[in-house]
Structures are given as structure tokens and as C-alpha cells.
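Here is the structure we will look at, set down as C-alpha cells.
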Amino acid sequence: MTDVIRTEALVKRYGRRRGLDGLDLAVSPGEIYGFLGPNGAGKTTTIRILLDLIRPTSGSAAILGEAPRRGGTPLRRRLGYLPGDFTALGGQSARELLRHLGALRGGVPDARIEALADRLDLDLGTRLRSLSKGNRQKVGVVQAFMHQPELLILDEPTSGLDPIIQQRFLELVREARDAGQTVFMSSHVLSEVQQCADRVGIVRDGRMVAVEDVAALRARSVRRVEIAFDEPVPADAFAAVPGLADVRVDGARLRATLTGRADPLVKAAARYGVETLTMDEPDLEELFLVHYGREADDAR
Amino acid sequence: MPGSVLTKTLRDQRRALLGWVIGITAVGILYAAFYPVINVPGTADFMESFPPGIMEAMGFADFMSPAGYLGSTTYGLLGPVLVVVMAAWAGGAAIAGEEESGRLDLTLAHPVSRWSVLVQRFLVLVVQMLVVMAVLTGALLLISGPAELGDIGAANMVAASLHLAGLGIVFGALGLAAGAVTGRRSVAYATVAIVGVATFFANNLGPSVDWLAWTRDISPFHYYSGGTPLANGIQPLDLLVLGLASVVLVVLGGLVFDRRDIAV
Numbered sequence: 015m016t017d018v019i020r021t022e023a024l025v026k027r028y029g030r031r032r033g034l035d036g037l038d039l040a041v042s043p044g045e046i047y048g049f050l051g052p053n054g055a056g057k058t059t060t061i062r063i064l065l066d067l068i069r070p071t072s073g074s075a076a077i078l079g080e081a082p083r084r085g086g087t088p089l090r091r092r093l094g095y096l097p098g099d100f101t102a103l104g105g106q107s108a109r110e111l112l113r114h115l116g117a118l119r120g121g122v123p124d125a126r127i128e129a130l131a132d133r134l135d136l137d138l139g140t141r142l143r144s145l146s147k148g149n150r151q152k153v154g155v156v157q158a159f160m161h162q163p164e165l166l167i168l169d170e171p172t173s174g175l176d177p178i179i180q181q182r183f184l185e186l187v188r189e190a191r192d193a194g195q196t197v198f199m200s201s202h203v204l205s206e207v208q209q210c211a212d213r214v215g216i217v218r219d220g221r222m223v224a225v226e227d228v229a230a231l232r233a234r235s236v237r238r239v240e241i242a243f244d245e246p247v248p249a250d251a252f253a254a255v256p257g258l259a260d261v262r263v264d265g266a267r268l269r270a271t272l273t274g275r276a277d278p279l280v281k282a283a284a285r286y287g288v289e290t291l292t293m294d295e296p297d298l299e300e301l302f303l304v305h306y307g308r309e310a311d312d313a314r
Numbered sequence: 024m025p026g027s028v029l030t031k032t033l034r035d036q037r038r039a040l041l042g043w044v045i046g047i048t049a050v051g052i053l054y055a056a057f058y059p060v061i062n063v064p065g066t067a068d069f070m071e072s073f074p075p076g077i078m079e080a081m082g083f084a085d086f087m088s089p090a091g092y093l094g095s096t097t098y099g100l101l102g103p104v105l106v107v108v109m110a111a112w113a114g115g116a117a118i119a120g121e122e123e124s125g126r127l128d129l130t131l132a133h134p135v136s137r138w139s140v141l142v143q144r145f146l147v148l149v150v151q152m153l154v155v156m157a158v159l160t161g162a163l164l165l166i167s168g169p170a171e172l173g174d175i176g177a178a179n180m181v182a183a184s185l186h187l188a189g190l191g192i193v194f195g196a197l198g199l200a201a202g203a204v205t206g207r208r209s210v211a212y213a214t215v216a217i218v219g220v221a222t223f224f225a226n227n228l229g230p231s232v233d234w235l236a237w238t239r240d241i242s243p244f245h246y247y248s249g250g251t252p253l254a255n256g257i258q259p260l261d262l263l264v265l266g267l268a269s270v271v272l273v274v275l276g277g278l279v280f281d282r283r284d285i286a287v
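For the protein sequence lines, the chains are A and B, in the order given. For the first sequence, the residue numbers in the numbering used here are 15 to 314. For the second sequence, the residue numbers in the numbering used here are 24 to 287.
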């Protein structure tokens, strides 16, 4: 199947400064793609090229099979976009702005706007100028999602959202994917996207330095495990468990690190009475940074 | 929906427009209301004591007839000045102001072309100029009896206002074009201010300096007041020149705007 977003050797220069330095990007249909990198790496530049707000110096870009400029208005009808700095000021209410933006797209039912606002805890009657940064960001999220576009391009979507709303936002993203929409979201923190992204691409200094499958990364990742048993257990009962390392047994308590699937460990532990079992969410960030540092060095 | 940008912009700017309506109408009326005070024996002699060069430079013509008075005051100096200042504001806000605030990104990411945004913003400016002029004309007609300006006639008053709207639209188009090319409001304001002052004096002074005489022909002020619409009614050719110049400016601005990068 053709890529929903594809760029080849994309270069953008601002005077002598390089915004993008030959960026290759491929986003498949129906996936959630996390576009990761530090500030100034070229994430926003890439996104603005995709939306035809700026034009590349060289290289090619295509979304939904068309060049952004040639695709023009009909192409943008199929997109939803959340700008990195969602500015909408003035005395108008959130509802008024959303209706206007909906009208630019040929009309969006009020019920759809209400439903999204409800889920994000956004009061549509409030004037934009008196909204907090987080609430303004919610308006931005609503306008990007409200017309159920084929492709969502979200620039730092979670910035300013509190943790509960972030979770609800990630639910919206997953639902969009389940409905067949493709989601391309940028972030400078992996933890924001690792929960829902299928793949993650790392950009640095205007180049793609790594593309990873999040599930594969998770499989490779190392978790800390701690099991409290009803009674003391022998340490050698766990010596042969695949993926388990650094095993320390202290009476009825086992501490270890686990790589890959948890199944062999669970089966081994099930022979004894288990009081509690805790397993850390893998720190992908750390794993990524290791990887990322190496790739970046290779690229030099 | 076609026209969404136009109606939304008009709505967003309705307070600012109200300000311009009140300001320009108030100044126009105050000036006009003074006519009975000026229109007394003695003023003519006083005015004649000024060197004709100065009178011309300031755009003062015959002060004594109603049309001459109004043409030298409301429609002669402060009216056009205020209208050009309003044009700078409207032209600068159209694209550059929107871009500097970061809101243009969002609009252009929607299924609306840059040309469409540009043209709708220009139409906003046209509507705003016509609204201001309609209110000003209405107010002047209301007070024309007590202010002893009744001789001018409604048709000529409307004609003069229409020409003044044309002047405002040309300068608005200039500011819009400058803002569309550069994305900077300050450039739009400066362009309108510089061209405004230069062409104002080119119209009034040009004829008195031989080698500058040609500059009158490229001054919007010439096509605004050269045919004295307040006395002679609408000058279709002059209005046509103002209209065509506006369209050319918008198109030139659009050609660059359509190609360049939108600033963050």
C-alpha cells in the first residue's frame, strides 16, 4: 500500500540556516506515527511543508499520494492539523471559532463538536481570550479531530494538557486509528507517544536518525520485576527462566530484570503462592537514547 | 463554505470598524458644522491673504461656497488623511497582521486557497470603507440643513464619499499587498504612510513645479478629487482608475503571497 506521508531527501534552508537536511519519512496507512526529536530538530518545519505553508528547498514530499502544493484545497480537505502553537485569540467563544473552522471544511455537525468538547472537559461558551493554555489546546484538538479526516497531523499535541486530559486525548488518537485514520504526531518526549504510537521516528538536525517499531522496542526492553511470595522460594527455581537476569532472592521476595515476554516467569512463579507481582513499565526513553546516541554518531 | 473568511473577518473586526465609523463621522460632522461660522463677510478676504501656493499645497480651494468649504475640509484634508490611516490599518491587518499573530497558519491549513483568503480579505476592506462612507454621508446629509450646506445636494455628497471610498480602497490594497509580500504589518503601515504623503503632495504641489507635473497623474488623490465630485458628481473614469489600481495591487501582492513561505 502507498504511504500516507512520504518525504524523500527533503531539504529546507532558511537563509544559511538549515531547517531540514535530507529528511526521509514514510508513514503507513492506519498507523500512529510518533515523530520525535528535540526542539529545533525540524519537526515543525516538516509538518509545515506537508501542509504547504512553506515550500521545500529541494527533495520531495507527498501526502495521501499527492504533493502538498499540487494537492491544494482538495487535499487539505482530507487532513486535520493541530499547530504547535495553537493561537486563536479574541472575544469570540470557542464554539464560534470551531463553527467557523467547520464551515471552512464545508460544515461540521454541532453534535460532533459538543461530543469532543465533552470528552476533553472543554466549555465551548468561554471566550478564547479567557481560556488557559491547556484549554486553548483542547480547542485545537477539537478542530483537528472534528471532521474525522483521513490523516491527522498533530504538532506537539499534548503540550499544556494535564495528565488526565492527555489520557483522554490518547484515547481519541487510538479511536481514530481504529476507525482507519492515520495519525502523525510530533513530540519531544517519548513518554508522551510511546503509549499509543505504533512506530516512532527520531529526527535530529533535520535528518531521520532512527525509525523503530514500538512493540519491537518494548520486546527488547528491560523491565524490573519484583514478586512477593507467600513463603520463601529457592533461587535456583528461577535460574532457567528465559529472559530473566540479575535474580536476587531474599526469603519470600524475588527481584530481577526481565527482557522480552513475561510468560515463562509467570509460569515459573505460579508453582508458588504469589502475594504481589510488580513489573515496571519499560523505560523506552532510556533505551531510545542509547540507540539514538549511537545512530547520531554513525550519521556524523 | 465560500465567503466564510469574509463574514468571519467582518465579525471579528466589527468593534474596530465601529471605532473608525465614529471617529471619521465625528470629525467630518464637526468640520461641516463650522461652515456657518466661516461663511461670514471677512473670511474671504482673510483666506485670500494666504499665498496661493500654500493654499494649493494644503488642498484648500474656494472656501466660501458650501461645496468649496466641504471639499477643502471634510473631503479635502482630514477626511482623506483619516481614510488613508484607516486603509493602512485595514491593509496591514488583512494578511500581515494575521500572519504575525500566527493565526494565518491555521486558516491556510484548511481547504481554502491563499488567493481565496487574499481576495476575501480585500473584499472585507472594501465593505469596511463603504460602511464608513455610508455613515459619514448619512450624517452629513442630516446636518446639511442646519449647517447651511444644502446647496451641495445629496447626489454630489454621495459622489464625493464614493470617491473617498475609492481612495481608501487603493491605499488599503497597497497596504494589503505590502503585507502579503512581506508578512510584516510594519512594512504595510510604512508603505501606505510614505506613498500616502508623497502622492498627496504630488497631487497638490506637482502642478506648480514643472518637472514634477507628471507625478499628479500617478497620484490616487488626483483621481479622488481632481474632478471635484462634490461639485460635478461622480467621475466614472476616475473611479475606474482607482478600482483598477486596487485590483492590480491585490494581484501583484497575491502573486508573491501564493509562492512564498508563511512565517511562523
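Every residue, glycine too, gets a C-beta built ideally from N, C-alpha and C.
Across the region 121 to 142 of chain B, CB contacts with chain A closer than 7 Å involve 124, 125, 126, 128, 129, 131, 132, 133, 134, 135, 136, in sequence order along the chain. In this chain, the beta strand (DSSP E) harbouring residue 216/A covers 213 to 218. Not one beta carbon of chain A lies nearer than 7 Å to the beta carbon of residue 240/B. The Cβ atoms of residue 36/A and residue 55/A lie no closer than 7 Å to each other. Beta-bridge pairing by DSSP links residue 25/A to 35/A, 72/A.
Taking 7 Å as the threshold, the shortest C-beta distance from residue 114/A to chain B falls below it.
Checking the DSSP bridge columns, you'll see residue 240/A partnered with 269/A, 292/A. Beta-bridge annotation (DSSP): residue 196/A is paired with 165/A. Only residues of its own chain outside the window of five on either side were considered, and among them 57, 200, 202, 216, 217, 218 have a CB closer than 8 Å to the CB of residue 51/A, listed in chain order. Rounded to whole angstroms, the separation of the alpha carbons of residue 235/A and residue 46/A is 20 Å.
Residue 45/B and residue 196/B have their C-alpha atoms roughly 23 Å apart. Counted as a single uninterrupted DSSP element, the beta strand (DSSP E) harbouring residue 94/A occupies residues 93 to 96. Linking residue 258/B to residue 223/B through their CA atoms gives a straight-line distance of about 19 Å. Residue 100/A has no beta-bridge partner at all, per DSSP. Residue nearest to residue 130/A within the set 155/A, 257/A, 116/A, 231/A is 155/A (criterion: CA-CA distance). In the structure shown, residue 110/A falls within a helical segment according to DSSP collapsed to helix, strand and coil.
Between residue 262/B and residue 189/B, the gap from beta carbon to beta carbon is short of 7 Å.
In the three-state reduction of the DSSP assignment, residue 146/A falls in the coil class. For residue 99/A, the C-beta contacts it makes with chain B under 7 Å involve 125, in order along the chain. Contiguous alpha helix (DSSP H) elements confined to the region 258 to 285 of chain B occur at 259 to 280, taking only those with 4 or more residues. The alpha-carbon of residue 81/A is positioned some 24 Å away from that of residue 25/B. As the crow flies, the alpha-carbon of residue 100/A is around 21 Å from that of residue 185/A. By the criterion of a C-beta distance shorter than 7 Å, residue 289/A is surrounded in its chain by 242, 243, 244, once the five residues flanking it on both sides are discounted. In the structure shown, residue 221/A falls within a strand segment according to DSSP collapsed to helix, strand and coil. The Cβ-Cβ distance between residue 132/B and residue 95/A falls below 7 Å.
Per DSSP, the continuous alpha helix (DSSP H) segment holding residue 196/B begins and ends at 177 to 205. In its chain, beyond the 5 residues on either side, 156, 252, 257, 262 have a beta carbon closer than 8 Å to the beta carbon of residue 185/B. Secondary structure at residue 285/A: coil, using DSSP grouped into helix, strand and coil. Along the region 32 to 47 of chain B, the positions whose C-beta sits under 7 Å from a C-beta of chain A are 35, read in chain order.
Taking 7 Å as the threshold, the shortest C-beta distance from residue 68/A to chain B falls below it. For residue 91/A, the closest Cβ of chain B is nearer than 7 Å.
Runs of alpha helix (DSSP H) with 4 or more residues, each lying fully within the region 215 to 255 of chain B, are found at 243 to 248, 252 to 255, listed in chain order. Chain order gives no chain A residues near residue 88/B, where near means a beta carbon separation below 7 Å; the closest approach is about 46 Å. The closest CA to that of residue 70/A, considering only 78/A, 59/A, 79/A, 182/A, is found on 59/A.
In the three-state scheme derived from DSSP, where H, G and I count as helix and E and B as strand, residue 41/A is classed as strand. The beta carbon of residue 118/B does not come within 7 Å of any beta carbon belonging to chain A, so the residue lies off that interface.
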